[in-house]
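Asks:
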Amino acid sequence: MQQQIKREMLEELQGFDLPSYHEIPNIGLFLEQTTKYIAEYLAPLETVTLTGSMISNYVKKGLIKNPVKKQYTREQIAYLFFIAVAKTVLSLEDIQQLIKLQENTYDCEKAYNYFRQELKDILAYVFGIKEELTAYTSNNMDEKSLLRNTIIAVAHKVYLDKYFKILRNS
Numbered sequence: 025m026q027q028q029i030k031r032e033m034l035e036e037l038q039g040f041d042l043p044s045y046h047e048i049p050n051i052g053l054f055l056e057q058t059t060k061y062i063a064e065y066l067a068p069l070e071t072v073t074l075t076g077s078m079i080s081n082y083v084k085k086g087l088i089k090n091p092v093k094k095q096y097t098r099e100q101i102a103y104l105f106f107i108a109v110a111k112t113v114l115s116l117e118d119i120q121q122l123i124k125l126q127e128n129t130y131d132c133e134k135a136y137n138y139f140r141q142e143l144k145d146i147l148a149y150v151f152g153i154k155e156e157l158t159a160y161t162s163n164n165m166d167e168k169s170l171l172r173n174t175i176i177a178v179a180h181k182v183y184l185d186k187y188f189k190i191l192r193n194s
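When the letters of the sequence shown are read in order and numbered with our numbering, they come out as residues 25 to 194.
#1: Assign residue 157 to one of three DSSP states: helix, strand, or coil.
#2: Taking 9 Å as the threshold (C-beta atoms), are residue 125 and residue 110 in contact?
#3: Taking the alpha carbon of residue 34 as the point to measure from, which residue in 165, 70, 148 has its own alpha carbon closest?
#4: In or out: residue 98 buried (at least 16 other Cβ within 10 Å) or exposed?
#5: If you measure between the beta carbons of residue 114 and residue 103, is that distance less than 9 Å?
#6: Less than 9 Å between the C-beta atoms of residue 116 and residue 85, yes or no?
#7: Report the residue from 68, 62, 156 whose alpha carbon sits nearest the alpha carbon of residue 105.
#8: Which residues mark the beginning and the end of the alpha helix (DSSP H) in which residue 144 is found?
#9: Using the Cβ count rule (16 or more neighbours within 10 Å means buried), how would you classify residue 38?
#10: Can you check which of these residues, 192, 74, 170, is closest to residue 119 by C-alpha distance?
#11: Counting pairs of beta carbons, one from the region 176 to 189 and one from the region 74 to 81, are three or more of them closer than 8 Å?
#12: Is the beta carbon of residue 143 less than 9 Å from the beta carbon of residue 42?
#13: With a threshold of 6 Å on Cβ separation, who are the neighbours of residue 140 within its own chain once the five nearest residues in sequence on each side are excluded?
#14: How would you call residue 179, buried or exposed, if buried means at least 16 neighbouring beta carbons within 10 angstroms?
#15: CA-CA distance, residue 136 and residue 65?
#16: Counting C-beta neighbours from all protein chains within 10 Å, is the total for residue 51 16 or more, i.e. buried, or is it exposed?
Right under this line is the structure:
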């Protein structure tokens with residue numbers, strides 16, 4: 025039974041990856057397009073969701089900048105990927121703190137690409153696809169540690185959600 029569950033979980037996550045920063049469209053996506061674009065990438069995580077009303081709320085709370093002419097840019101979409109993932113384990117206030125730390129440390133592109141790689145690596149590790157995590161360099165250890173621990177918590181939550189879903193459906 026456990027081997028069957030593991031196989032199903034691995035199949036669902038095989039090849040999971042977010043787009044690199046430069047693969048995110050920078051033409052300006054409207055709210056519905058933005059929501060659909062992000063949802064397609066996050067679908068394998070199942071419990072990580074994002075709706076148009078959530079995005080509007082994040083704008084109101086100052087987590088992301090206001091859209092220009094109702095269109096979201098590459099930078100805003102990158103932040104939305106992070107927020108959608110992090111909100112499964114953190115409050116919006118904590119996410120806002122992490123974003124402030126990031127803005128004081130790295131530009132959006134570098135931070136997003138680091139987040140993307142960490143998410144991919146940690147999910148692979150938690151789901152048993154990868155045997156160990158890559159060590160990170162000593163630069164900005166606190167910020168990297170906060171991000172890594174957030175992603176570890178998310179990965180374990182995704183693992184548990186998937187495992188129990190398969191058990192319920194068996």
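Where is the CB? At the ideal position from N, CA and C, for every residue including glycine.
Replies: In terms of the structure at hand:
#1: Residue state for residue 157 is assigned as coil, using DSSP reduced to three classes.
#2: Not in contact: residue 110 and residue 125 (Cβ atoms no closer than 9 Å).
#3: With respect to the C-alpha of residue 34, the residue from 165, 70, 148 having the closest C-alpha is 148.
#4: A buried status is given to residue 98, since no fewer than 16 other beta-carbon atoms sit within 10 Å of its beta-carbon.
#5: No, the pair does not count as a contact, with Cβ atoms beyond the cut-off.
#6: Annotated as proximal: residue 116 and residue 85, with beta-carbon spacing under 9 Å.
#7: Closest by alpha carbon: 62.
#8: In the DSSP annotation of this structure, the continuous segment of the alpha helix (DSSP H) that includes residue 144 starts and ends at 132 to 150.
#9: Burial is judged here by how many other beta carbons sit within 10 angstroms of a residue's own beta carbon; residue 38 has fewer than 16 and is exposed.
#10: Measuring from the Cα of residue 119, the nearest candidate turns out to be 170.
#11: Result no; under three Cβ-Cβ pairs closer than 8 Å.
#12: In this structure, residue 143 lies near residue 42, with their beta-carbon atoms less than 9 Å apart.
#13: Taken in chain order, the residues that qualify are 42.
#14: Residue environment for residue 179: buried (at least 16 other C-beta atoms within 10 angstroms of its C-beta).
#15: One C-alpha to the other measures close to 15 Å.
#16: Per the 10 Å Cβ criterion, exposed.
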